[in-house]
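J.: Take this structure, written in structure tokens, and hold onto it; I'll ask about it next.
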RNA sequence: GACCCCGUAGCUCAGGGGAUAGAGCGGCCGCCUCCUAAGCGGCAGGUCGAUGGUUCGAAUCCAUCCGGGGUCGCCA
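Numbering (my numbering), first residue to last: 62 to 642.
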């Protein structure tokens with residue numbers, strides 16, 4: 062149920078009819094024809110740009126097209142007014158019954174209102190978080206986790222078949238560092254002084270891992286060379302870290318469908334196979350890179366490496382897949398991993414990465430383009446920094462000192478739901494200020510509270526109505542005499558509800574879950590405004606003393622608002638509040 | 001030096017090529033005998049960083065500059 066799509070379909074059909082009867086030339090491209098809410102509500106309910114878009118290709122005056130189109134649209138019972146305005150807009154007014162009927166449709170569809178078939182069941186893989194398994198998740202990971210999870214939910218709502226996936230970076234040098242760090246804690250568990258050298262992970266979170274190693278291995282790993290204990294300790298520690306990370310994610314309300322391991326790609330021949338495939342395309346060669354201009358690293362010296370010709374697909378320089386010592390770079394298993402995703406049949410890949418990985422985007426896109434023969438698009442969403450504040454003062458964190466702010470710190474202080482909502486009140490590529498005090502403030506300055514309050518107000522109305530003996534289940538409300546919703550303020554609120562399915566499609570197409578948060582804020586604002594109008598105009602209050610049928614119609618509207626807020630919060634991973642106390 | 005992101009009201013930010021560019025905060029003025037005033041309404045505040053270009057139409061797309069941030073072979 063998307064009224065804008067319905068009316069657009071009507072416009073398109075009318076244009077095709079006009080072409081068939083010769084009013085318009087045949088074979089026009091109608092893809093740019095749009096039906097949108099006008100900027101100014103005084104212009105009408107909906108506006109189409111058809112006449113302006115088609116004027117040139119049709120070789121006609123915009124006005125002539127608009128007028129002919131208007132005449133046709135008026136033949137439809139839903140359209141009550143169609144007038145040409147401005148440079149050639151066709152402004153439409155719809156019959157009140159169309160809007161009133163929407164309230165019933167929302168209540169009938171319930172949580173499904175706004176669901177779209179846009180995705181047409183296409184398989185989309187959203188890879189997000191992918192934090193190194195070397196410690197607990199910190200605040201920097203939180204935003205990516207929330208963003209990825211909400212994006213996945215949004216795409217699911219828009220009709221895509223979504224897989225949430227975590228790529229475990231358990232194959233590189235950092236997990237060896239983890240193993241050495243854990244080994245020191247193991248020694249500590251045996252009463253020895255741990256040597257947390259420069260470069261090791263100093264965090265306390267490894268102390269229980271050391272204890273657990275002692276419980277499992279006793280003293281058998283003490284005084285052994287690293288070559289003896291590195292592999293088992295690494296295995297043990299990464300498993301422990303991943304268990305911790307899964308718990309962290311659960312704390313935030315994030316659940317992955319698939320965990321993929323980098324390490325599992327080694328020794329299977331899949332990295333080699335992926336590189337060979339690229340080699341077969343002429344995209345792998347041995348060569349020496351130019352030193353970067355401007356800022357040359359101190360220890361730069363030209364070396365021959367195995368390179369991927371990413372410049373063939375839009376990158377700026379070719380990228381090494383092997384280090385000078387012959388080992389794979391991080392890039393190589395990632396190539397194999399993305400190939401694996403392509404092979405698993407995904408129609409679209411999305412990687413959610415920290416903004417500091419921006420330099421990685423072009424080569425990754427080049428890989429996916431090459432390995433899928435251009436079939437699979439990869440969209441990389443870069444997540445900007447979160448700056449923490451407390452009482453307006455910057456909140457410092459330092460990973461090196463082991464005193465970084467963890468995901469759990471954030472969730473314990475702010476709560477998972479508040480954290481999720483606030484993290485989505487900015488576009489992914491804009492930095493975000495997160496103030497522990499502000500996000501918990503119970504006032505309209507706090508968008509989480511503001512939206513929750515709107516939902517709670519509707520719940521309050523329903524409680525009052527039930528106390529007054531008015532039946533308020535959704536089925537009854539949907540069948541109410543909705544024609545009684547004839548006040549301009551009521552119709553305005555309904556128009557906002559009508560935008561919800563459209564908003565979903567726009568947000569899904571752009572991979573922009575923040576739009577949902579902004580929409581909910583606007584909807585909540587409309588509800589609060591309407592509520593207060595009831596102070597002066599008592600006929601606008603939802604519960605009308607002694608008038609059951611009118612009350613039911615008005616309550617149906619309130620309930621429809623709550624249904625949409627609830628659905629929107631659901632996408633963001635937030636539970637709607639029944640009351641604010 | 002190259003690449004990526006950002007630049008919109010005093011501040012924080014929205015704005016899928018459309019009409020007179022919006023919201024919140026801050027400032028000023030109002031609204032509770034009344035379903036939650038934890039709220040609402042109004043006023044003031046803009047050369048959309050700059051200059052060109054594409055277009056019937058540009059904050060939006062392209063180019064070039066300016067300013068801020070990030071990244072830049074053998075880390076992941």
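Yeah, the Cβ is synthetic: ideal placement off N, Cα and C, and Gly gets one too.
Please read these numbers as outputs of a predicted model, since none were measured by experiment.
On a Cα-Cα basis, can you pick out the residue from 104, 144 and 106 that is closest to residue 123?
T.: Residue 123 has its Cα closest to that of 144, out of 104, 144 and 106.
J.: What are the boundary residues of the beta strand (DSSP E) that includes residue 495?
T.: Its beta strand (DSSP E) spans residues 493 to 496.
J.: I'd like the ranges of any alpha helix (DSSP H) spanning at least 4 consecutive residues and lying wholly in the stretch 379 to 405.
T.: List check, alpha helix (DSSP H) in window: 392 to 404.
J.: On a Cα-Cα basis, can you pick out the residue from 352, 368, 129 and 369 that is closest to residue 361?
T.: Here the closest residue by C-alpha is 352.
J.: So residue 557 is in the alpha helix (DSSP H); what residue range does that whole segment cover?
T.: Its alpha helix (DSSP H) spans residues 549 to 571.
J.: For the alpha helix (DSSP H) containing residue 474, name the first residue and the last one.
T.: Run containing residue 474: 468 to 475, per the alpha helix (DSSP H) assignment.
J.: Tell me which same chain residues have a C-beta within less than 7 Å of the C-beta of residue 380, skipping the five on either side of it?
T.: So the qualifying residues of the chain are 368, 369, 371, 392 and 424.
J.: To the nearest angstrom, how far is the alpha carbon of residue 623 from that of residue 166?
T.: Roughly 14 Å separates the two Cα atoms.
J.: Locate the beta strand (DSSP E) running through residue 595, then write down its first and last residues.
T.: Counting along the chain, residue 595 falls outside any beta strand (DSSP E), though it belongs to the alpha helix (DSSP H) covering 575 to 597.
J.: In the DSSP assignment, find the unbroken beta strand (DSSP E) run with residue 161 in it and report its ends.
T.: Here residue 161 belongs to no beta strand (DSSP E); instead the alpha helix (DSSP H) covers 157 to 170.
J.: Could you check what DSSP says for residue 154 in three-state terms: helix, strand or coil?
T.: Correct three-state label for residue 154: strand.
J.: May I ask which residues mark the beginning and end of the alpha helix (DSSP H) holding residue 414?
T.: Careful: residue 414 lies outside any alpha helix (DSSP H), inside the beta strand (DSSP E) at 409 to 415.
J.: Can you check which of these residues, 146, 211 and 325, is closest to residue 489 by C-alpha distance?
T.: Here the closest residue by C-alpha is 211.
J.: In angstroms, rounded to a whole number, what distance separates the CA positions of residue 505 and residue 182?
T.: Between residue 505 and residue 182, the C-alpha separation is close to 39 Å.
J.: What residues in its chain sit with their C-beta under 6 Å from that of residue 142, if we drop five residues either side in the sequence?
T.: So the list reads 154, once near-sequence residues are dropped.
J.: When DSSP labels each residue in this structure, what does residue 242 get in the three-state scheme?
T.: DSSP places residue 242 in helix when its eight states are reduced to three.
J.: If residue 643 and residue 64 are in contact, beta carbons under 8 Å, what's the gap, nearest whole angstrom?
T.: The structure shown has nothing for residue 643, since the chain only spans 62 to 642.
J.: Considering residue 366, what are the terminal residues of the beta strand (DSSP E) in which it resides?
T.: Taken as a continuous stretch (DSSP letters only), the beta strand (DSSP E) holding residue 366 covers 365 to 369.
J.: Taking the continuous alpha helix (DSSP H) assigned at residue 112, which residues delimit it?
T.: Where residue 112 is concerned, the enclosing alpha helix (DSSP H) stretches over 111 to 119.
J.: Answer yes or no: do residue 262 and residue 196 have a C-beta to C-beta separation smaller than 9 Å?
T.: Yes, the Cβ-Cβ distance between residue 262 and residue 196 is below 9 Å.
J.: Ends of the alpha helix (DSSP H) at residue 528?
T.: Unbroken alpha helix (DSSP H) run through residue 528: 508 to 528.
J.: Between which two residues does the alpha helix (DSSP H) containing residue 278 stretch?
T.: 268 to 278 is the span of the alpha helix (DSSP H), which, as asked, contains residue 278.
J.: Where does residue 461 sit, in a helix, a strand or coil, going by DSSP?
T.: Note that residue 461 has pLDDT 44, beneath the 50 cutoff, so the model's placement of it is unreliable and the number below is only indicative. Residue 461 falls in the coil class under three-state DSSP.
J.: For residue 141, which of helix, strand or coil comes out of DSSP?
T.: Residue 141: strand per DSSP, three-state reduction.
J.: Straight-line CA distance for residue 172 to residue 218?
T.: The straight-line gap from Cα to Cα measures roughly 10 Å.
J.: Tell me residue 626's beta-bridge partners as DSSP assigns them.
T.: Its beta-bridge partners do not exist; DSSP assigns none.
J.: Among 168, 584, 68 and 637, which one has its Cα closest to the Cα of residue 151?
T.: Nearest option by C-alpha distance: 68.
J.: Would you kindly check if the distance between the Cβ of residue 251 and the Cβ of residue 275 is under 9 Å?
T.: Yes, they are a contact pair.
J.: Would you tell me roughly how many angstroms separate the C-alpha atoms of residue 160 and residue 542, rounded to the nearest one?
T.: Rounded to the nearest angstrom, the two C-alpha atoms are 13 Å apart.
J.: Identify, in the order they occur along the chain, each residue of the same chain with its Cβ nearer than 7 Å to the Cβ of residue 479, setting aside the five sequence neighbours on each side.
T.: Cβ within range, chain order: 500, 501 and 509.
J.: By Cβ distance below 7 Å, which residues in the same chain neighbour residue 461 in space, the five residues on each side in sequence not counted?
T.: Here the model assigns residue 461 a pLDDT of 44, short of 50, so the residue's position is not dependable and the matter cannot be decided.
J.: Any idea if residue 180 is buried or exposed, counting beta-carbon neighbours within 10 angstroms, 16 or more meaning buried?
T.: Classification of residue 180: buried, given that the 10 Å Cβ count is 16 or more.
J.: If residue 448 sits next to residue 439, beta carbons under 8 Å apart, how far is it from one beta carbon to the other, in whole angstroms?
T.: Wrong, their Cβ atoms sit about 29 Å apart, outside the cutoff.
J.: Return helix, strand or coil for residue 204, following the three-state DSSP convention.
T.: Helix.
J.: Give the DSSP-derived three-state secondary structure of residue 126 in the structure shown.
T.: If DSSP states are grouped into helix, strand and coil, residue 126 belongs with the helices.
J.: Please classify residue 199: does DSSP put it in a helix, a strand, or coil?
T.: Strand.
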